[in-house]
Amino acid sequence: MPLVAAAVCPHPPLIVPELAGAAAPELDELRAACDAAVAGLLAADPEVVVLVGGGPETNRFNAADHGSLRSYGLDRQVRLWKVNCAGGERLPLSLTIGAWLLGRSRTELPRLARSVAVDASPAQCAELGAALGAATEPRTALLVTGDGSACRGPKSPGYDDPRAEAYDDGVARALADADAEALLGLDPALSAQLKAAGRAPWQVLAGAVRATGGDWRGELRHYSAPYGVAYLVSSWAPA
Numbered sequence: 001m002p003l004v005a006a007a008v009c010p011h012p013p014l015i016v017p018e019l020a021g022a023a024a025p026e027l028d029e030l031r032a033a034c035d036a037a038v039a040g041l042l043a044a045d046p047e048v049v050v051l052v053g054g055g056p057e058t059n060r061f062n063a064a065d066h067g068s069l070r071s072y073g074l075d076r077q078v079r080l081w082k083v084n085c086a087g088g089e090r091l092p093l094s095l096t097i098g099a100w101l102l103g104r105s106r107t108e109l110p111r112l113a114r115s116v117a118v119d120a121s122p123a124q125c126a127e128l129g130a131a132l133g134a135a136t137e138p139r140t141a142l143l144v145t146g147d148g149s150a151c152r153g154p155k156s157p158g159y160d161d162p163r164a165e166a167y168d169d170g171v172a173r174a175l176a177d178a179d180a181e182a183l184l185g186l187d188p189a190l191s192a193q194l195k196a197a198g199r200a201p202w203q204v205l206a207g208a209v210r211a212t213g214g215d216w217r218g219e220l221r222h223y224s225a226p227y228g229v230a231y232l233v234s235s236w237a238p239a
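The numbering used here applies: residue 1 is where the sequence shown begins, and numbers increase by one.
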């Protein structure tokens, strides 16, 4: 079984305490949940961690590539894994935060990264996931980053949409139950209207689990919407 574990985390820049400033304690529970999800990945004894997040296009990244938090007010590079002259500042925000979360664990495991276009169809997402889940080696853990809707109230980035809470509740149930089919059933149009950045990455996860086969169990570690954006943290493992 090549896919041995998976975790879902959000990717708000404010999860980095230096960016949040005085508001940093407001996301302490979220950081703790993400740290626990990453620890669960590593406890499955993978040989490599693959980060999956949304981006402007579907792409793969080199181990030496990095992201930057400069545009969010913090002059810091976040490396994916190794640093050498072959790398570049290429990681989108989703993978930059994923690399930051993984870096907090201080693991030295090899890591790779894949972005999926935010407008990719469910079939395209499932196909990308299947390529990850059907490999025979090495033992792989997936760290999938993506936010829920951004329309939870009048002060949210997408203003208020009465459909947002039900949408996020459905995602929370799917993540809690390791329900790949429910994730694959998320409507791209509705997800885009609700500004749910996690839709495509979640569907990559679903495709990977479906290709791997067997029964899976899920655990919902965190679900909140403190700034009008839904943040969900989940762990998946073979049953």
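The C-beta atom is built at its ideal place from N, Cα and C for all residues, glycine as well.
Kindly list the residues whose CB is nearer than 7 Å to the CB of V48, restricted to its own chain and excluding five residues on each side of it in sequence; keep chain order.
-> L109, P110, R111, L112, P138 and T140
Under three-state DSSP, which class holds T212?
-> T212: helix per DSSP, three-state reduction.
To the nearest angstrom, how far is it from the Cα of A176 to the Cα of V204?
-> Approximately 17 Å between the Cα atoms of the pair.
Can you round the beta-carbon distance between Y167 and L190 to whole angstroms, since I take them to be within the 8 Å contact cut?
-> 7 Å
Can you tell me whether S234 is buried or exposed, with buried defined as 16 or more other CB within 10 angstroms of its CB?
-> With 16 or more other Cβ atoms within 10 Å, it is buried.
Beta strand (DSSP E) runs wholly inside the region 139-222, at least 3 long, in chain order | Listed in chain order, they are 140-145.
When L220, A237 and Y227 are compared against A33, the one with the closest alpha-carbon | L220
Taking C-alpha atoms, which residue in L142, R199, K195 and E127 lies nearest to A6?
-> L142
Taking the alpha-carbon positions, what's the G207 to D119 distance?
-> Cα-Cα distance, rounded: 16 Å.
Between which two residues does the alpha helix (DSSP H) harbouring R104 extend?
-> Here the alpha helix (DSSP H) through R104 covers L93 to R104.
Helix, strand or coil at G21 according to DSSP, with G and I counted as helix = Helix.
If you run the structure through DSSP and keep just helix, strand and coil, what is Y72?
-> helix
Would you tell me roughly how many angstroms separate the C-alpha atoms of A178 and W236, rounded to the nearest one?
-> 6 Å
Distance, Cα to Cα, R199 vs V4?
-> 22 Å
How long is the line joining the alpha carbons of G53 and D28, rounded to whole angstroms?
-> Rounded to the nearest angstrom, the two C-alpha atoms are 22 Å apart.
Which one of L194, P201 and R152 has the shortest CA to CA distance from P122?
-> P201
With a cut-off of 8 Å on the beta carbons, I'd call G148 and L41 a contact; round off their distance for me.
-> Contact flag wrong, Cβ pair sits at about 21 Å.
The alpha helix (DSSP H) with P238 in it runs from where to where?
-> Run containing P238: none in the alpha helix (DSSP H); it sits in the beta strand (DSSP E), Y231 to P238.
Thinking L80 and A99 are a contact (beta carbons under 8 Å), I'd like their distance in whole angstroms, please.
-> 5 Å
Close-in-space but distant-in-sequence residues of the same chain around V209 (CB under 6 Å, 5 per side omitted) = A180 and W216
S71 classed as buried or exposed, judged by whether at least 16 other C-beta atoms fall within 10 angstroms = exposed
State yes or no: is the C-beta of D65 within less than 8 Å of the C-beta of L91?
-> yes
G228 classed as buried or exposed, judged by whether at least 16 other C-beta atoms fall within 10 angstroms = buried
Alpha carbon to alpha carbon, how far is Q77 from I15?
-> 15 Å
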